[in-house]
Structures are given as structure tokens and as C-alpha cells.
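According to our numbering, the residues represented by the sequence shown are 1 to 253, in order. Comments concern the structure below.
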Amino acid sequence: MFTSADLLLIEVAGVFMPALIVSVFAVVFSYRITMRYNKAMSRLYKMSFKGVDTERKRIASELHDHLALHSITMSLEFELLKSRLEGVDLASLKKIESNYDLFRHKTHQIVEFMYPKGLLDSDWQSALEHLAEKLSIGGIQVSFESFADKTPSHDWLHHTFWAIQELVTNAIRHSKVNRVQITATDDEDFFVIGVHYRATDLAKKWVNGKSKSGLGLLIIQDRLKIVQGSMRFDILDDVVTHSILLKYEGVNS
């Protein structure tokens, strides 16, 4: 037999049960919508990186083709004019030709730096050597040395390349160092790219401070997330080391 208190509880439960069911359904539905939204945003973010890289490659290719075409035309024009001039006029023309050659060389460097040939060829060694050369400006020297016998998937190279460039650039800017070494090593599970430089007071302050929360780090982390990579910071024997670890999935020997 139900008492009046039992009947009251049943009536109250009858009132709240539909609301509870609706609430549970709403939570489950919201969770599924949120997961779908996160996946969609992740795909869009990856596509934005892909779009930037594709556009960079397109611009570099078009500039390279135009530079090659106009270089041939200009060279023929210079040779034709040199055969018609002499004395002071010839000397002036040769000076103009020398300045043009310098302009062409510098422009070619810009094109190469925009999308290095190593990325086009999916060559880890060549791409990282080119990156070190590119970042060596003025009194700043960046070197690369590889001790690795194998490399990860070629598809991961361009994301890793731009992540390393961002890391080295930020390290030079914030730590005020003028010597940076990039190394590639491997073990059974990981391909490790290390960025090493002197642990100055500014370097320690940067590594222990904004380097963990700045925009540059977010860009690096987003790039590495796409290639399933990770990064860690270490300071040992007065040397700062940023290590990027890539799993050996789809290894290329």
C-alpha cells in the first residue's frame, strides 16, 4: 500500500522526470554538436595552413618562371648593346649589367626562400640545410647537421619546416643569440629535430616565460599537431635545446 507521502513523491517524480530526460538529451545532443564543431574547426584550420602553403608555392613558382624568362631577354639585350657601344658608354652599360645581375641573384634567393626546393623534392636534408642558410643573416649564423639514418613521412616535411623556422626566428629575436645549431637525430621510435643555442639570461627568461604562451608557440604547436609531433624545452650545461619529436609512422629509409 502506498502512503500519502509515497504518492506525493511519485507525483513529484512524474513532474520532474520528463524535464530530467529532456535535460539529459540536451546535454548529449550539445556534446555531439560540440564535437562536430571542433572537428569542423580542426579541418578548417588545417585547410588554412594548406591554403597558405599552396599559395606560397604558387607565387614562388610564378616568380621563378617570370624571372627566368625576363633574365634570358635582358641578357640578350645586354649582349646586343655591348656589341654596339665602346668607351665610357660601354663601361656604363657593363655597370648596369652588373647591378642587374645582383638584382637577379637577390630576387632568385627570395624566390628560393619563399618555397625552398627541398620542400618541392620532399628532401628533409636539403630543406633543413636551406633553412639554416636562409636564417644566417649578417652576424647571425645558423647551422644544420644530421645524424639520422631515416626520416619520417615526406608529407610531414613542410609543416615541420615552417614550425622550425618560427622556432629559430623567435629564439634569435627574444634570446639575442647569434649562433644557433639545428640537428637531426633518430632512435627506434622518434625522429628528433633539435634547436640549440647558448642559455643567456634573456634566453632563460624567454624559455621560462612567454615562449610557453606566445603566438609563435601556438603556431608551432598547431603545425606539429597536424603531423602528430610534440615539442619539449631543456636547459643543460648552459645550452637551451628545443626538441621536436616526430613518430616514425610511414618511415622513409
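Even for Gly, the Cβ is constructed at its ideal location relative to N, Cα and C. Remember, it's a predicted structure, so these values are computed and weren't measured experimentally.
Sequence-distant residues of the same chain with beta carbon closer than 6 Å to residue 219, five excluded per side: 166
Closest by CA to residue 156, which one among 99, 229, 234? 229
How should residue 91 be labelled, buried or exposed, when 16 other C-beta atoms within 10 angstroms of its C-beta is the threshold for buried? exposed
Helix, strand or coil for residue 182, going by three-state DSSP, please let me know. strand
Coil, strand or helix - residue 194 by DSSP: strand
Starting from residue 125, trace the alpha helix (DSSP H) in both directions and tell me its first and last residue. 124 to 135
Under three-state DSSP, which class holds residue 147? coil
Reducing DSSP to helix, strand and coil, say where residue 253 ends up. Legend: pLDDT at residue 253 = 44, less than 50; position of this residue unreliable, no value from coordinates given.
Which term fits residue 119, buried or exposed, when burial requires 16 or more other beta carbons within 10 angstroms of its beta carbon? buried
Once you ignore the five residues that flank residue 85 on each side, which residues in its own chain have a CB closer than 7 Å to its CB? 93
Could you pull out every residue in the same chain whose Cβ sits closer than 6 Å to the Cβ of residue 250, ignoring the five residues on either side in sequence? Because residue 250 sits at a pLDDT of 47, beneath the cut-off of 50, its placement in the model cannot be relied upon, and the point is left open.
Considering only the beta carbon of each residue, do residue 148 and residue 186 sit closer than 8 Å? yes
According to DSSP, is residue 141 helix, strand or coil? strand
With a cut-off of 8 Å, does the C-beta of residue 243 fall near any C-beta of chain C? The chain inventory of the structure shown lacks chain C, comprising one protein chain alone.
Quick one, are the C-beta atoms of residue 122 and residue 184 less than 8 Å apart? no
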